[in-house]
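S.K.: Provided herewith is a single structure, encoded as structure tokens, for subsequent inquiry.
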Amino acid sequence: MESMLMPLAVVVAAWVTYRPNAKITWIIALPFFVLAAMFTLNYDSIHLVAWYGGEELPLKYRFAATWAAREGPILLWAAWMALLSILWRNPLSGENDESHLMRLRLMNGFSLTLLLSAWILQPFKAAGSTGPGLNELLQTDLMVIHPPLIFLAYSLCITLAVIAISSLITNADGMKDRLIQVARPAFFFSTLGIGLGGLWAYLILDWGGYWAWDPVETGSLLPWICLIVLLHLRTKPGKTPEHMWAGIAMATGALALFATMVTRAGGVWAVSVHTFVINSEGSPPGDVFGRIMLILSDFSGVEVAVYLLGIIQLMGIFLASRLGTQFSKWWLIMLPALATFGVAGGGDVLNGFNPTLLVILGLGPFVEAGIRSLPAGHDWKWFALPGVMVVLRFIHGMVLFELLSLIFAFGLIFEKERLKGWGWASAGVVLFLSASWSGMLDIWVCAVGMIAFITPWFIAGENADSKFSFKDRKFQQRMALWSPVVVVGLYLILTLVILISSIDSIQLAAHELYGAPFIAAAMIAMVMWSLRDKPQRVFLFLISTPLILVFAWMFGNSLGYDSSEILGASLSRGQVGMVVLLPALMALPATISLIKENTGKRNVSLLAHVVHLGLVLLIIGHVMSTTIID
Numbered sequence: 043m044e045s046m047l048m049p050l051a052v053v054v055a056a057w058v059t060y061r062p063n064a065k066i067t068w069i070i071a072l073p074f075f076v077l078a079a080m081f082t083l084n085y086d087s088i089h090l091v092a093w094y095g096g097e098e099l100p101l102k103y104r105f106a107a108t109w110a111a112r113e114g115p116i117l118l119w120a121a122w123m124a125l126l127s128i129l130w131r132n133p134l135s136g137e138n139d140e141s142h143l144m145r146l147r148l149m150n151g152f153s154l155t156l157l158l159s160a161w162i163l164q165p166f167k168a169a170g171s172t173g174p175g176l177n178e179l180l181q182t183d184l185m186v187i188h189p190p191l192i193f194l195a196y197s198l199c200i201t202l203a204v205i206a207i208s209s210l211i212t213n214a215d216g217m218k219d220r221l222i223q224v225a226r227p228a229f230f231f232s233t234l235g236i237g238l239g240g241l242w243a244y245l246i247l248d249w250g251g252y253w254a255w256d257p258v259e260t261g262s263l264l265p266w267i268c269l270i271v272l273l274h275l276r277t278k279p280g281k282t283p284e285h286m287w288a289g290i291a292m293a294t295g296a297l298a299l300f301a302t303m304v305t306r307a308g309g310v311w312a313v314s315v316h317t318f319v320i321n322s323e324g325s326p327p328g329d330v331f332g333r334i335m336l337i338l339s340d341f342s343g344v345e346v347a348v349y350l351l352g353i354i355q356l357m358g359i360f361l362a363s364r365l366g367t368q369f370s371k372w373w374l375i376m377l378p379a380l381a382t383f384g385v386a387g388g389g390d391v392l393n394g395f396n397p398t399l400l401v402i403l404g405l406g407p408f409v410e411a412g413i414r415s416l417p418a419g420h421d422w423k424w425f426a427l428p429g430v431m432v433v434l435r436f437i438h439g440m441v442l443f444e445l446l447s448l449i450f451a452f453g454l455i456f457e458k459e460r461l462k463g464w465g466w467a468s469a470g471v472v473l474f475l476s477a478s479w480s481g482m483l484d485i486w487v488c489a490v491g492m493i494a495f496i497t498p499w500f501i502a503g504e505n506a507d508s509k510f511s512f513k514d515r516k517f518q519q520r521m522a523l524w525s526p527v528v529v530v531g532l533y534l535i536l537t538l539v540i541l542i543s544s545i546d547s548i549q550l551a552a553h554e555l556y557g558a559p560f561i562a563a564a565m566i567a568m569v570m571w572s573l574r575d576k577p578q579r580v581f582l583f584l585i586s587t588p589l590i591l592v593f594a595w596m597f598g599n600s601l602g603y604d605s606s607e608i609l610g611a612s613l614s615r616g617q618v619g620m621v622v623l624l625p626a627l628m629a630l631p632a633t634i635s636l637i638k639e640n641t642g643k644r645n646v647s648l649l650a651h652v653v654h655l656g657l658v659l660l661i662i663g664h665v666m667s668t669t670i671i672d
């Protein structure tokens with residue numbers, strides 16, 4: 043029976059991708075539930091159960107052993123995607139028939155891709171010998187809860203990307219409402235999953251703390267941060283354009299794929315305690331993309347290639363949408379097509395595959411849209427910016443970094459009023475600044491990249507309409523409302539770049555040291571918003587914020603524990619921690635006052651401020667448990 047299970051699920055997934063039907067979509071989840079039942083009943087005739095299961099295991103740990111190997115988590119992910127497709131089988135808010143059909147097709151198509159990737163690994167192959175059983179570190183109640191929550195969160199992140207793509211392709215209105223509807227549960231389950239993961243690290247894994255900036259930990263944090271940006275788009279000043287909603291939603295999906303790739307691409311982030319496989323033969327390349335290309339020769343290479351292609355394709359679709367030109371929908375079958383290629387040729391079928399071809403396939407929608415837009419004409423002098431990014435690629439050799447820089451470069455030049463695209467320029471500057479701080483690129487290369495992004499403003503000169511005053515109440519409120527989007531977005535870029543550069547060593551000092559100003563700025567914005575009706579007090583508060591640095595310098599080493607230990611740049615753990623701790627302590631009563639202000643009101647603000655209070659407490663706890671403690 044088990045030999046027919048995967049073909050049946052794949053055929054059904056292919057059919058509902060072509061013609062969505064909730065009545066049979068549940069069959070996509072069948073392989074996972076059958077595998078889980080086999081573990082629970084200790085059906086050791088198949089390899090996975092014989093290797094990771096055991097009759098002596100308690101029932102809950104037998105069930106948890108389902109996702110102890112490579113195959114189980116993929117089937118779990120496919121099951122979650124299928125269940126979400128069934129849950130949201132009806133049109134979402136403002137969704138027309140065409141957009142609704144496209145969304146379900148894309149959701150089921152991703153499930154099909156996952157099933158094909160799992161099929162390559164042969165999850166139901168016959169047992170050959172008995173294995174060591176479930177690792178003792180995994181025999182915990184948190185193993186039962188943490189992985190399913192994380193994959194549920196990732197499934198919701200993929201759904202966000204799917205909603206954005208289907209809305210853009212079909213020109214459906216009301217994208218914002220649909221994204222918010224999914225983003226809220228995504229944030230909840232992501233927070234819960236990451237929190238339980240931190241608890242697991244502290245109680246069971248004996249890491250000495252809740253958070254160690256392990257690559258897999260950090261990877262899971264990226265879509266969570268992106269969700270924060272997405273949820274705050276509705277509160278930022280002015281109308282948020284549809285392409286910004288779509289871009290952040292697709293970034294959330296891409297980062298969920300990236301986080302999975304960090305976990306599954308064994309040997310790329312060799313320092314991670316979650317690493318599956320490490321290939322110690324020879325000297326590995328010094329960049330992420332190069333190491334991933336080496337993994338393609340492994341039997342699990344297709345799975346990793348699918349995640350990488352998905353990330354690049356989301357970039358390509360976003361850039362294509364910014365051109366305002368349609369592209370062929372056939373590009374959307376690239377992921378299941380690649381996985382099908384793996385099933386037909388074996389998991390190592392991509393051995394020797396040209397990496398340039400993988401990038402071209404991913405960027406296909408953008409390339410096609412660009413060719414279609416040529417008759418409309420372009421202001422070609424602005425294309426010098428992405429041209430500089432390409433030239434720098436031949437110097438630094440980092441393919442993934444080049445793709446990120448091109449996203450921000452094209453994002454800027456596709457703005458209708460380019461000199462108002464300061465957000466893209468800021469992202470580009472922080473991208474290169476982070477690469478310099480983390481040691482990924484030479485300082486002069488980063489300097490050239492930053493200059494390229496800010497040159498248009500130097501050429502344009504001063505804008506008379508850009509004057510502002512810190513005393514102005516309206517400007518203060520705009521600062522406070524923009525901060526969750528801008529500050530958190532820039533912090534996301536910093537965290538991503540440091541993670542990409544952490545393939546040979548965990549850069550805890552870089553995360554703590556360079557992330558501190560961004561976290562402090564977010565805390566300061568919370569205080570500003572609580573004082574929004576008192577502009578004079580806000581002004582006095584803002585001009586007094588430099589005192590935080592003075593207090594941190596003078597008293598940071600007195601926080602106890604390892605606070606006097608040098609963290610980096612001649613700054614101690616305590617000094618860096620104090621830069622974050624003081625604004626967080628000020629934000630604590632500020633958020634409590636906002637909760638009291640909204641108590642009794644039936645609106646979203648009360649719940650939002652409760653979440654903000656939780657984040658403030660989280661930041662304080664992080665400083666006291668990680669920043670100042672070795």
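First residue of the sequence shown: 43, per the numbering used here; consecutive thereafter.
Glycine is no exception: its CB is placed at the ideal position from the N, C-alpha and C atoms.
Please look up how many angstroms separate the CB atoms of T294 and P265, rounded, as I've assumed it's under 8 Å.
M.R.: Confirmed, about 5 Å.
S.K.: By the three-class DSSP mapping on this structure, what secondary structure does G114 have?
M.R.: Of the three classes helix, strand and coil, the one that applies to G114 here is helix, per DSSP.
S.K.: How many angstroms separate the CA atom of G239 from the CA atom of T305?
M.R.: The alpha-carbon atoms of G239 and T305 are separated by roughly 14 Å.
S.K.: Please determine, among M431, M440, V665, E459, the residue with the shortest C-alpha to C-alpha distance to V471.
M.R.: For V471, the nearest C-alpha among the options comes from M431.
S.K.: Could you please give the first and the last residue of the uninterrupted alpha helix (DSSP H) stretch that includes L448?
M.R.: Here the alpha helix (DSSP H) through L448 covers 441 to 455.
S.K.: For M286 and F360, what's the separation of their Cα atoms in angstroms?
M.R.: If you take the alpha carbons of M286 and F360, they lie about 10 Å apart.
S.K.: So, are the CB atoms of I246 and L191 less than 8 Å apart?
M.R.: It is not a contact, given that the beta carbons lie outside the stated cut-off.
S.K.: Mapping DSSP to helix, strand and coil, what is A214?
M.R.: Looking at A214 - three-state DSSP - the assignment turns out to be coil, as it is neither helix nor strand.
S.K.: Helix or strand or just coil, what does DSSP make of S614?
M.R.: It is a strand residue.
S.K.: How many angstroms separate the CA atom of P115 from the CA atom of S511?
M.R.: Their Cα atoms are separated by approximately 53 Å.
S.K.: Three or more C-beta pairs closer than 8 Å, one from the region 166 to 173 and one from the region 76 to 96: is that the case here?
M.R.: Contact holds: three or more Cβ-Cβ distances are below 8 Å.
S.K.: What does the Cβ neighbour count give for R112, buried or exposed, with the cut at 16 atoms within 10 Å?
M.R.: Flag for R112 reads buried.
S.K.: Excluding the five sequence neighbours on either side, which residues of its own chain have a C-beta within less than 6 Å of the C-beta of H438, listed in chain order?
M.R.: So the qualifying residues of the chain are L483, V487.
S.K.: Which complete alpha helix (DSSP H) runs does the region 378 to 438 hold, if anything under 4 residues is left out?
M.R.: Correct list: 397 to 404, 406 to 415, 426 to 438.
S.K.: Starting from S572, follow the alpha helix (DSSP H) in both directions and report where the run begins and ends.
M.R.: That run of the alpha helix (DSSP H) goes 550 to 572.
S.K.: Y603 and I670: beta carbons closer than 8 Å?
M.R.: Yes; because the gap between Cβ atoms is below 8 Å, this pair is in contact.
S.K.: Below 8 Å between beta carbons: does that hold for S153 and A55?
M.R.: Against a cut-off of 8 Å, the Cβ pair of A55 and S153 comes out as a contact.
S.K.: So which of T260, L445, G656, H142 has the shortest CA-CA distance to E554?
M.R.: For the residues T260, L445, G656, H142, the minimum Cα distance to E554 belongs to T260.
S.K.: How about L158 and W119: do their beta carbons lie closer than 8 Å?
M.R.: Cβ distance not < 8 Å, so L158 and W119 don't count as in contact.
S.K.: Can you tell me the Cα-Cα spacing of T426 and A362, whole angstroms?
M.R.: In the sequence under discussion, the amino acid at residue 426 is Ala, which differs from the Thr named in the question. Using only the alpha carbons, I get a separation of about 19 Å.
S.K.: With a 10 Å radius around its C-beta and 16 neighbouring C-beta atoms as the bar for buried, classify A386 as buried or exposed.
M.R.: Classification for A386: exposed.
S.K.: Can L630 and H651 be called in contact, C-beta distance under 8 Å?
M.R.: Going by C-beta atoms, L630 is not nearer than 8 Å to H651.
S.K.: Ignore the nearest five residues each way along the sequence and tell me which others in A522's own chain have a CB closer than 6 Å to its CB.
M.R.: A567, M570, W571, listed in sequence order.
S.K.: May I have the straight-line CA-CA distance separating F318 from S600, to the nearest angstrom?
M.R.: Note that F318 has pLDDT 39, beneath the 50 cutoff, so the model's placement of it is unreliable and the number below is only indicative. Roughly 41 Å between the two C-alpha positions.
S.K.: I need the boundaries of the alpha helix (DSSP H) containing D139, first residue and last residue.
M.R.: Where D139 is concerned, the enclosing alpha helix (DSSP H) stretches over 139 to 162.
S.K.: Whole angstroms are fine: how far does the CA of T108 sit from the CA of T673?
M.R.: Nothing about residue 673 can be read from this structure; the chain reaches only from 43 to 672.
S.K.: Does the region 532 to 543 come within contact of the region 493 to 502, defined as at least 3 CB pairs closer than 8 Å?
M.R.: Taking 8 Å as the limit for Cβ pairs, the verdict is that the region 493 to 502 does not touch the region 532 to 543.
S.K.: Any chance the region 66 to 85 sits against the region 269 to 280, with 3 or more Cβ pairs inside 8 Å?
M.R.: Judged by Cβ distances under 8 Å, the region 66 to 85 makes no contact with the region 269 to 280, as fewer than three pairs qualify.
S.K.: For the alpha helix (DSSP H) that F474 lies in, which residues bound it at each end?
M.R.: That run of the alpha helix (DSSP H) goes 464 to 479.
S.K.: Taking only the alpha-carbon atoms, compute the straight-line gap between S476 and A467 and give it to the nearest angstrom.
M.R.: Roughly 14 Å between the two C-alpha positions.
S.K.: Using 10 angstroms around the beta-carbon of D575, count the other beta-carbons present and answer buried if the total reaches 16, otherwise exposed.
M.R.: Under this definition D575 is an exposed residue.
S.K.: Considering Cα atoms alone, identify which of I402, L365, F436 is closest to S415.
M.R.: That would be L365, whose Cα lies nearest to the Cα of S415.
S.K.: Measure the Cβ-Cβ separation of G404 and I354 and say whether it is below 8 Å.
M.R.: The answer is yes: Cβ separation under 8 Å.
S.K.: Quick check on the DSSP output: the alpha helix (DSSP H) that includes K516 runs from which residue to which?
M.R.: That run of the alpha helix (DSSP H) goes 515 to 542.
S.K.: So, helix, strand or coil for A169, using DSSP?
M.R.: Three-state DSSP puts A169 in coil, outside helix and strand.
S.K.: Extract the residue ranges of the alpha helix (DSSP H) inside the region 578 to 627, only unbroken runs of 4 or more that lie entirely within it.
M.R.: The qualifying runs are 588 to 597.
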